[in-house]
Amino acid sequence: MIRTMTIVRRSFLAAALATTLGSAVRAANQREFTPEEYGAKGDGVTNDSLAMLRLSTAVTARGGGTVVFRKTTYLVGGQGLSLSRGYMFPPRDLLKFHSCSQPLIIRGNGAQLKCEVGLRYGVFDQSGERIDYPMPYLGPGLATPYTAMIEIEGCTGPVTVTDFDLMGPGDSILLGGQYGDTGWQIRSAGLVLTNNRGSEMIARIRTHGHPLDGIMIDGVNGTGTSTVRTITDVVADGNGRQGCSIVGGEGYTFLRCHFNRTGRGKVRSAPGAGLDIEAEGDKRIRDLAFVDCRFTDNLGCGMVADSGDTARVRFTGCIFVGTTSWSAWPSMPHFQFDRCKFVGAVTRAFGHQDPTRATQFVGCVFTDDPAGSPTGKVYRGTNADRPIADLSTSRNVKFDRCRFQTAHGALPWSTGAIYKDCVMKQGFRTTGHPRGTFVGTNSITGKVDISGSAIIGILTVNGNRVRS
Numbered sequence: 001m002i003r004t005m006t007i008v009r010r011s012f013l014a015a016a017l018a019t020t021l022g023s024a025v026r027a028a029n030q031r032e033f034t035p036e037e038y039g040a041k042g043d044g045v046t047n048d049s050l051a052m053l054r055l056s057t058a059v060t061a062r063g064g065g066t067v068v069f070r071k072t073t074y075l076v077g078g079q080g081l082s083l084s085r086g087y088m089f090p091p092r093d094l095l096k097f098h099s100c101s102q103p104l105i106i107r108g109n110g111a112q113l114k115c116e117v118g119l120r121y122g123v124f125d126q127s128g129e130r131i132d133y134p135m136p137y138l139g140p141g142l143a144t145p146y147t148a149m150i151e152i153e154g155c156t157g158p159v160t161v162t163d164f165d166l167m168g169p170g171d172s173i174l175l176g177g178q179y180g181d182t183g184w185q186i187r188s189a190g191l192v193l194t195n196n197r198g199s200e201m202i203a204r205i206r207t208h209g210h211p212l213d214g215i216m217i218d219g220v221n222g223t224g225t226s227t228v229r230t231i232t233d234v235v236a237d238g239n240g241r242q243g244c245s246i247v248g249g250e251g252y253t254f255l256r257c258h259f260n261r262t263g264r265g266k267v268r269s270a271p272g273a274g275l276d277i278e279a280e281g282d283k284r285i286r287d288l289a290f291v292d293c294r295f296t297d298n299l300g301c302g303m304v305a306d307s308g309d310t311a312r313v314r315f316t317g318c319i320f321v322g323t324t325s326w327s328a329w330p331s332m333p334h335f336q337f338d339r340c341k342f343v344g345a346v347t348r349a350f351g352h353q354d355p356t357r358a359t360q361f362v363g364c365v366f367t368d369d370p371a372g373s374p375t376g377k378v379y380r381g382t383n384a385d386r387p388i389a390d391l392s393t394s395r396n397v398k399f400d401r402c403r404f405q406t407a408h409g410a411l412p413w414s415t416g417a418i419y420k421d422c423v424m425k426q427g428f429r430t431t432g433h434p435r436g437t438f439v440g441t442n443s444i445t446g447k448v449d450i451s452g453s454a455i456i457g458i459l460t461v462n463g464n465r466v467r468s
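In the UniProt record's numbering, the protein residues as written are 1 to 468.
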């Protein structure tokens with residue numbers, strides 16, 4: 001049985017309040033830091049990179065503290081000429097906090113960290129000219145303006161980051177040759193959280209235009225759900241590889257976050273997803289929750305999960321819009337979607353002989369209506385029939401009280417899915433193949449082939465009852 005991830009409101013608020021109050025008591029005597037104290041001008045013209053590094057170094061040395069920014073623009077990012085660490089044009093270190101045992105509170109107050117224009121990203125020679133090597137390429141010659149604007153690693157005390165606009169270089173970047181297995185796999189992200197054992201509370205961040213990821217989370221194993229980890233009202237827009245990459249971690253809850261338009265600029269690297277859930281190395285991913293989130297108009301999938309030790313992820317009230325690729329690709333066990341809407345085709349839902357491990361959709365809506373797309377374009381897959389859900393032979397993928405409405409493509413292509421109390425409508429130009437087991441009361445309108453299906457309950461097709 002899928003492990004429930006519904007958070008009881010009072011318990012969640014009590015835990016969050018306890019964490020907040022405890023942090024407040026410990027923080028009462030903490031040192032308060034400002035960027036200006038370390039030389040930052042915050043005028044949007046002077047490069048404040050060195051001040052950011054000095055600031056974070058001082059906070060780290062103290063084991064934590066409260067950092068307060070002004071609502072202004074801080075210009076950051078830069079490059080020198082060096083052959084160290086594989087870099088031809090090495091990045092500037094910015095806000096790098098690590099190993100803080102006391103509360104680390106970073107209050108942006110609406111501040112913008114803005115990347116200097118005209119910097120390099122990719123592979124270059126010493127003269128600054130682009131070099132293109134056969135891929136994959138893992139050699140020297142790298143350039144990037146920063147590895148992360150804000151990076152927090154190995155903290156045992158609680159971490160809070162709020163109210164920032166993290167603005168990457170976007171299309172002002174000077175793009176060099178590719179690096180890695182595909183595209184440009186060189187670190188350059190907005191916010192990076194790595195191996196923090198304390199609570200993490202991130203809120204009201206806009207992270208956009210970064211060559212790699214808007215957010216990267218590489219959390220620790222074994223913390224479970226007792227530690228509060230919330231990502232709230234974060235917008236990751238127009239980044240190069242991912243809006244958000246999760247490569248490890250447990251117990252993160254994302255509330256009202258948007259992961260949009262990945263790969264729509266000059267830098268485009270696979271997977272190009274709004275959200276990529278992919279445990280790497282010895283890391284595992286468990287017990288993630290996404291509530292009222294949006295995954296829209298990404299070059300790749302809205303959400304993809306298909307590798308690593310990943311399980312138990314739940315989406316509630318979310319919207320997935322695929323314009324040039326799949327709206328969702330949930331190919332790992334124990335994924336559940338409750339009351340979600342999918343505009344554009346879904347694929348690779350996880351199937352298994354044990355129905356509790358297979359992907360479950362409850363009360364969801366599936367449509368190919370262009371009105372639900374911000375660009376008017378809707379991705380309909382590679383299958384000639386253009387099914388709204390291309391499930392192949394995946395077994396026991398369950399649709400419970402779901403609605404399907406296709407105007408241009410077909411109903412799901414499946415052979416072993418479970419349909420319970422569903423309503424399906426499509427046109428008559430294409431044949432749909434929603435085959436599997438029909439449980440409860442289901443109705444289909446349109447031209448379909450349901451040969452080989454099992455009917456347990458009532459199934460009507462174009463107004464006529466069909467018996468098994």
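All C-beta atoms in this analysis are idealised placements derived from N, C-alpha and C, irrespective of residue type, glycine included.
query                                                                                                                                                   : result
So is Gly248 buried or exposed if we call it buried at 16+ other beta carbons inside 10 Å?                                                              : buried
Ends of the beta strand (DSSP E) at Leu459?                                                                                                             : Ala454 to Val461
Within 10 angstroms of the Cβ of Asp132, are there 16 or more other Cβ atoms? Answer buried if so, exposed if not.                                      : exposed
Taking all protein chains shown into account, decide if Asn239 is buried (16 or more other Cβ within 10 angstroms of its Cβ) or exposed.                : buried
Please name the residue, chosen from Val365, Arg107 and Leu119, that lies closest to Gly78 on a Cα-to-Cα basis.                                         : Leu119
Throw me the rounded Cβ distance for the Phe361 and Cys402 pair, which I believe falls under 8 angstroms.                                               : 5 angstroms
Could you work out which residue in Gly317, Ile150 and Asp306 is closest to Asp338 when comparing CA atoms only?                                        : Gly317
Give the C-beta separation of Thr182 and Ala270 to the nearest angstrom, bearing in mind that I take them to be a contact with Cβ-Cβ under 8 angstroms. : 5 angstroms
Tell me which same chain residues have a C-beta within less than 8 angstroms of the C-beta of Thr353, skipping the five on either side of it?           : A small correction: the amino acid at residue 353 is Gln; Thr does not occupy that position in the sequence shown. Excluding positions up to five away in sequence, the list reads Arg395 and Asn396.
For Arg467, which residues in the same chain have their Cβ closer than 6 angstroms to its Cβ, ignoring the five residues on either side in sequence?    : none
How long is the line joining the alpha carbons of Asp218 and Val192, rounded to whole angstroms?                                                        : 8 angstroms
Are the CB atoms of Ala358 and Pro330 within a distance shorter than 7 angstroms?                                                                       : no
Among Ile106, His98 and Leu53, which one has its Cα closest to the Cα of Arg92?                                                                         : Leu53
May I ask which residues mark the beginning and end of the beta strand (DSSP E) holding Ser394?                                                         : Ala389 to Asp400
Taking the DSSP output, what are the residues bridged to Trp326?                                                                                        : None, per the DSSP bridge assignment.
Between which two residues does the beta strand (DSSP E) carrying Ser307 extend?                                                                        : Met303 to Ser307
Helix, strand or coil, according to DSSP, for Asp163 in the structure here?                                                                             : strand
Does the beta-carbon distance from Val76 to Thr34 come in below 7 angstroms?                                                                            : no
What residue range is occupied by the uninterrupted alpha helix (DSSP H) comprising Val59?                                                              : Ser49 to Arg62
With a threshold of 16 other CB atoms inside 10 Å of the CB of Arg286, please say whether the residue is buried or exposed.                             : buried
Considering only the beta carbon of each residue, do Gly44 and Thr73 sit closer than 7 angstroms?                                                       : yes
So what does DSSP say about Gly372, is it helix, strand or coil?                                                                                        : helix
Could you give the residue range of the beta strand (DSSP E) that holds Glu37?                                                                          : Glu37 -> no beta strand (DSSP E), and no H or E assigned at all.
Since Phe320 and Phe295 are thought to touch, with beta carbons under 8 angstroms apart, how far apart are those beta carbons, to the nearest angstrom? : 5 angstroms
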